[in-house]
Amino acid sequence: MKVNRSKTEYMCVNEREGSGTVRLQGEEVKKVQEFKYLGSTVQSNGECGKEVKKRVQAGWNGWRKVLGVLCDRKISAGIKGKVYRTVVSPAMLYGLETVSLRKRQESELEVAELKMLRYPEALTDPSYRGQILTLTYPIVGNYGVPNMQELDEMELRKNAESDRIQVSGLLVQDYSHEYSHWNSVKSLAQWLQDEQVPALYGVDTRMLTKIIRDKGTVLGKIEFEGQPVEFTDPNKRNLVAEVSTKEVRVYGKGNPIKVVAVDCGIKHNIIRLLVKRGAEVHLVPWDQELMNLEYDGLFISNGPGDPALAGTLIQNLRKVLESDRPEPVFGICMGNQIMALAAGAQSYKLPMGNRGQNQPVLNVMTGQAFITAQNHGYGIDSESLPLGWSPLFINANDGTNEGIMHNTKPIFTAQFHPEAKGGPTDTEFLFDAFLSLIKKGKNSNIVSVMPQKPAVPPRAQVSKVLVLGSGGLSIGQAGEFDYSGSQAVKAMKNQH
């Protein structure tokens, strides 16, 4: 990805007419639709047409088929904007043109991620490196952004999962220019502009969701008028190396249990949860040699991209797995894939990935189901696991692998995110299991510390149920909320 990071620019715009096009992997196709779009000149005296300014402030309501731009109502004198085009292959929403936030060139979209809330954590998650994030919640920005520089007691960013915005771009349906929250210090638009990350609103995110569901993972790009860029596949880069720490860092210094955490793109909350449980976390680069390190437990973190490109880490971890070292090993997300590859299994590209905050997984040992947060585009072929290894979790939707375990050694993984900040936290107990394995010492495995499935409580005997819903956030969403309510009523009828 080639990025021009330049001075933050704020703009309002003037109108002109034009037409949109769609590019499929760089191939021009016929026009999708004729329409008007908002064009591109900032006035040096800070004055735009009153009507245009109203549309910017109001979110261009009524221009549902026109892509918008996240724009604070601040104007820098003498700055020229440029028109850009957003293209998603194999199909784009409407193929329309609109105005740019700033002079930044953005060249890729690996996949659109489907999340609802907590955008400060989502945008700073290193697992999103190389992706354009799509938020399916219809209104975004209403609670602003907290102080992203504030540190906690561990010297980690208190309100973020890393030290910067990691996504390549952001797409939302409706953007709230007015924000209100006791903890907010700036708008979402201001934060994006500060870090030179392009973002669009007015996008039909539902249609984009359908495209991804029908077509699978897509490549795309945001390009400026007169500055064409080629489609690039971020999964051909070693994204793990890009996001990993360059030096060893220690957190929770003085805690009695030493955990070496290999940084493939670790989220801050993973460090917090380990330290909270009594670990002194030594964060090491992704290509750190492991056999000569002393530790009580080894952790392989989450991270972005194709796990097969982290060859050095795979080889280093393979040496550990093939040795007689007794220390427990735990991996999350990318850590699951790296662990499986080091053990001798095979990875593959998922058609559309498992992403979002409501992915159901099943514990193979107990049959218990959990709701999890996920963000991965690659999977592990459970059938390729060598002798001595077994699946630990599976996805209840598509049956794909969600974690593995060694049958006799204290080694296990989770493909999902038990540390998800903002939730769900159903599987946070896996950190307790990891620390329990460390404390138990030799001759233990995950089976000995895995919590038992709780007993099912007796079903309540009821004769009437009142279902209350919040209603749609706009008239067009009423049908969706009605559908949810009707399904709840149907489920209750089937159970009684």
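Numbering-wise, the numbering used here comes out as the position in the sequence shown, counting from 1, plus 104. Backbone N, C-alpha and C fix where the C-beta goes; we use that ideal spot for every residue, glycine too.
Residue i - DSSP class collapsed to helix/strand/coil
| i | result |
| --- | --- |
| ALA449 | coil |
| ASP502 | coil |
| THR112 | The predicted model places THR112 with a pLDDT of 25, which falls under 50 and marks its position as unreliable; any figure quoted below should be read in that light. THR112: coil per DSSP, three-state reduction. |
| PHE516 | strand |
| LEU402 | strand |
| VAL478 | According to the sequence as given, residue 478 is Gln; it is not Val. In this structure, GLN478 counts as strand in the three-state DSSP scheme. |
| THR416 | helix |
| MET469 | coil |
| GLY439 | helix |
| SER231 | helix |
| ARG429 | coil |
| ARG376 | helix |
| SER552 | helix |
| VAL249 | strand |
| SER494 | strand |
| LYS371 | coil |
| GLN591 | helix |
| LEU394 | coil |
| MET596 | helix |
| GLY122 | The predicted position of GLY122 is uncertain, since its pLDDT is 29 and thus under 50; a value taken from the coordinates is nonetheless stated next. GLY122 falls in the strand class under three-state DSSP. |
| GLU217 | Residue confidence is low: GLU217 scores 46 on pLDDT, short of 50, so the model does not pin down where it sits. Its coordinate-derived value is still stated next. Three-state result, GLU217: strand. |
| LEU570 | coil |
| ASN511 | coil |
| ASN339 | helix |
| ARG422 | helix |
| PRO464 | strand |
| PRO455 | strand |
| SER204 | Caution applies to SER204, whose pLDDT of 30 falls short of 50 and renders its modelled position unreliable; the model cannot decide the point. |
Assumed close pair residue i, residue j - CB separation to whole angstroms, cut-off 8 Å
| i | j | result |
| --- | --- | --- |
| THR476 | PHE520 | 4 Å |
| VAL352 | TRP390 | Not a contact, Cβ separation roughly 12 Å. |
| TYR247 | SER284 | 7 Å |
| ALA383 | LEU539 | 7 Å |
| GLY401 | PRO432 | 5 Å |
| GLY439 | ILE404 | 3 Å |
| LEU275 | LEU312 | 7 Å |
| ILE442 | PRO411 | 5 Å |
| TYR399 | VAL364 | 4 Å |
| THR470 | GLY492 | Incorrect: roughly 21 Å between the Cβ atoms, too far for contact. |
Host beta strand (DSSP E) of residue i (start-end)
| i | result |
| --- | --- |
| GLY435 | 433 to 436 |
| SER288 | 288 to 290 |
| ARG353 | 353 to 355 |
| GLU384 | 383 to 388 |
| LEU275 | 273 to 275 |
| VAL333 | Premise fails: VAL333 is in no beta strand (DSSP E) and is neither H nor E. |
| GLY362 | Per the sequence presented here, residue 362 reads as Lys, with Gly not at that position. Its beta strand (DSSP E) spans residues 361 to 366. |
| LEU237 | 236 to 239 |
Inter-residue spacing [alpha-carbon to alpha-carbon] between residue i and residue j
| i | j | result |
| --- | --- | --- |
| GLN300 | ARG268 | 11 Å |
| GLU259 | VAL347 | 18 Å |
| PHE535 | ASP318 | 36 Å |
| VAL551 | GLU393 | 29 Å |
| SER266 | ASP298 | 16 Å |
| ARG310 | GLN277 | 9 Å |
| ASP176 | VAL244 | Confidence in ASP176 is poor, its pLDDT being 33 and thus under 50, which makes the residue's placement too unreliable to answer from. |
| THR336 | LEU323 | 8 Å |
| GLY325 | GLN450 | Note that residue 325 is Lys in the sequence shown, not Gly. When rounded, the distance between both Cα atoms is 30 Å. |
| SER548 | ALA537 | 11 Å |
| MET509 | ILE436 | 12 Å |
| LEU378 | LEU496 | 21 Å |
| LEU618 | GLN565 | Beyond the ends of the chain as shown, which are 105 and 600, falls residue 618; an answer cannot be given. |
| GLY409 | GLU329 | 29 Å |
| ASN373 | LYS525 | 7 Å |
| LYS594 | LEU421 | 50 Å |
| ALA293 | LYS314 | 26 Å |
| SER280 | SER288 | 14 Å |
| ASN458 | GLN478 | 6 Å |
| GLN591 | ASP502 | 22 Å |
| LEU142 | GLU254 | Annotation note: pLDDT 30 at LEU142 (below 50); position unreliable, coordinate value reported separately. Rounded to the nearest angstrom, the two C-alpha atoms are 37 Å apart. |
| THR240 | GLN270 | 19 Å |
| PRO558 | PRO522 | 19 Å |
| GLU568 | ASN505 | Glu is not the amino acid found at residue 568; the sequence shown has Lys there. Going by the C-alpha atoms only, they are around 40 Å apart. |
| GLY460 | THR529 | 14 Å |
| PRO455 | GLY481 | 8 Å |
Boundaries (first-last residue) of the alpha helix (DSSP H) holding residue i
| i | result |
| --- | --- |
| TYR223 | 223 to 227 |
| VAL602 | Residue numbering for the chain in the displayed model covers 105 to 600; residue 602 lies beyond these limits and cannot be assessed. |
| LYS544 | 533 to 544 |
Any chance you could list the beta strand (DSSP E) runs of at least 3 consecutive residues sitting entirely within the region 291 to 331, in chain order?
324 to 328
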